[in-house]
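**Student:** Taken in order, the sequence shown gives residues 72 to 228; the numbers are from this note's numbering.
C-beta: ideal position from N, C-alpha, C; glycine also.
What follows is a structure written as C-alpha cells; I'll ask about it next.
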Amino acid sequence: MIKIITEGDSPFDLNPIADAVNAAFPQKYELGVEVNFVEEDEIRALNLENREIDKVTDVLSFPYTDCQKGEEIDISDYLDEVEDGELLIGSVAVCLKRAEEQAKEYGHSLKREVYYLVLHGILHCLGFDHIDKDDEAEMTAVAEKIMTKLNVLRGEN
72 MIKIITEGDS PFDLNPIADA VNAAFPQKYE LGVEVNFVEE DEIRALNLEN
122 REIDKVTDVL SFPYTDCQKG EEIDISDYLD EVEDGELLIG SVAVCLKRAE
172 EQAKEYGHSL KREVYYLVLH GILHCLGFDH IDKDDEAEMT AVAEKIMTKL
222 NVLRGEN
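In C-alpha cells, the structure reads:
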C-alpha cells in the first residue's frame, strides 16, 4: 500500500490520490512517496542540478527503486532502505505557483492540476515514463483513468 508523505503544508488532502493509486496498482508492502510543494527558485535549482535544464518546471520526480510500470514492488530487494516496515520509493517536488498558472491556462481547478502533478510524479516512482510517444500515451492514459476515478476532471473549476 502506497502512502503519501508531505513535508510542510499541502494545499489539498492528497490521500484520495494514494487510495486511487492503490486501487489501480495494489502493493503487498507498505510504500511511501514524499511530496514536497516548493517555490520556483527551488524547483528551478532541482531541474538544473538533476536534468541540466535551467528553468522552472511544474513537477519533478525522483524514483528510488527500479520497478517496472506499476508492478508490485518487493521490499526484499531493498531491505537496506526499509525503515519501520516501510520503503520510501521516491520523492516528488511540485511547484505550486506553476500549478496555479497551468490551472488558469488549462481552464480547470487548482485541485485538478495539483492532483494531476502529484499523480504524475507517483507514476514515475512506479516505473512509468514518457521518453517516447508510446510510453507517453500509456502514462497519460493511466493518469487520466485514475483522475476520472477521482472525479477531478479537466475543465472543471
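1. Around the Cβ of Tyr-177, are there at least 16 other Cβ atoms within 10 angstroms (buried) or fewer (exposed)?
2. Identify which residue in Asp-205, His-195 and Thr-219 has its Cα closest to the Cα of Gln-139.
3. Flag Glu-215 as yes if its beta-carbon sits less than 8 Å from any beta-carbon of chain B, otherwise no.
4. Beta carbon of Leu-197, beta carbon of Phe-96: below 8 Å?
5. Among the residues of its own chain, which have a CB less than 6 Å from the CB of Ser-162, if the five just before and after it don't count?
6. Over the uninterrupted alpha helix (DSSP H) stretch that includes Leu-85, give me the two end residues.
7. Output needed for Ala-170: all residues of its chain with C-beta closer than 7 Å, excluding positions within five of it in sequence on either side, in chain order.
8. Where does Gly-192 land, buried or exposed, given buried means 16+ other C-beta within 10 angstroms?
9. What three-state label does DSSP hand Cys-166 in the structure shown?
10. Between which two residues does the alpha helix (DSSP H) holding Asn-222 run?
11. I'd like the list of long-range same chain contacts for Pro-87, defined as Cβ closer than 7 Å, with 5 residues on each side in sequence excluded.
12. Could you say which of Ile-160, Glu-152, Ile-217 and Tyr-149 lies nearest to Ile-76 if we only look at CA atoms?
13. Tell me the DSSP secondary structure of Val-153 in three-state form.
14. Would you list the residues sitting across from Thr-77 in a DSSP beta bridge?
15. Could you tell me which residues DSSP pairs with Leu-158 in its beta bridges?
**Tutor:** Judging by the given coordinates:
1. For the purposes of this step, residue 177 is taken as the residue at position 106 of the sequence shown. It is exposed - the Cβ of Tyr-177 has fewer than 16 other Cβ atoms within 10 Å.
2. Residue mapping note: residue 139 aligns to position 68 of the sequence shown, counting from 1. Cα-wise, what sits closest to Gln-139 is His-195.
3. Judged by its chain identifiers, the structure shown contains no chain B, having just a single protein chain.
4. What you label residue 197 is simply residue 126 of the sequence shown in a count that begins at 1. What you label residue 96 is simply residue 25 of the sequence shown in a count that begins at 1. Cβ distance < 8 Å, so Leu-197 and Phe-96 count as in contact.
5. For the purposes of this step, residue 162 is identified with residue 91 of the sequence shown, where counting begins at 1. The answer, listed in chain order, is Glu-105 and Phe-133.
6. The sequence position of residue 85 within the sequence shown is 14, counting from 1. From DSSP, Leu-85 is part of no alpha helix (DSSP H); its letter is neither H nor E.
7. Within the sequence shown, numbered from 1, the residue matching residue 170 stands at position 99. Result list for Ala-170: Asp-129, Leu-181, Glu-184, Val-185 and Leu-188, in chain order.
8. Within the sequence shown, residue 192 is the residue found at index 121, counting from 1. Flag for Gly-192 reads buried.
9. Position 95 of the sequence shown holds residue 166. In the structure shown, Cys-166 sits in a strand (DSSP, three-state: E or B).
10. Working through the sequence shown from its first residue, we reach residue 222 at position 151. Where Asn-222 is concerned, there is no enclosing alpha helix (DSSP H), given that its DSSP letter is neither H nor E.
11. In the sequence shown, counting from the first residue as 1, residue 87 sits at position 16. For Pro-87, where only same-chain residues beyond five positions count, the Cβ hits under 7 Å are Leu-221.
12. Taking the first residue of the sequence shown as 1, we reach residue 76 at position 5. Of the listed residues, the one whose Cα sits closest to Ile-76 is Ile-160.
13. The count along the sequence shown starts at 1 and reaches residue 153 at position 82. It is coil, neither helix nor strand.
14. In the sequence shown, counting from the first residue as 1, residue 77 sits at position 6. Looking at the DSSP assignment, Thr-77 forms a beta bridge with Val-106.
15. Looking up residue 158 in the sequence shown gives position 87. Leu-158 is bridged to Leu-102.
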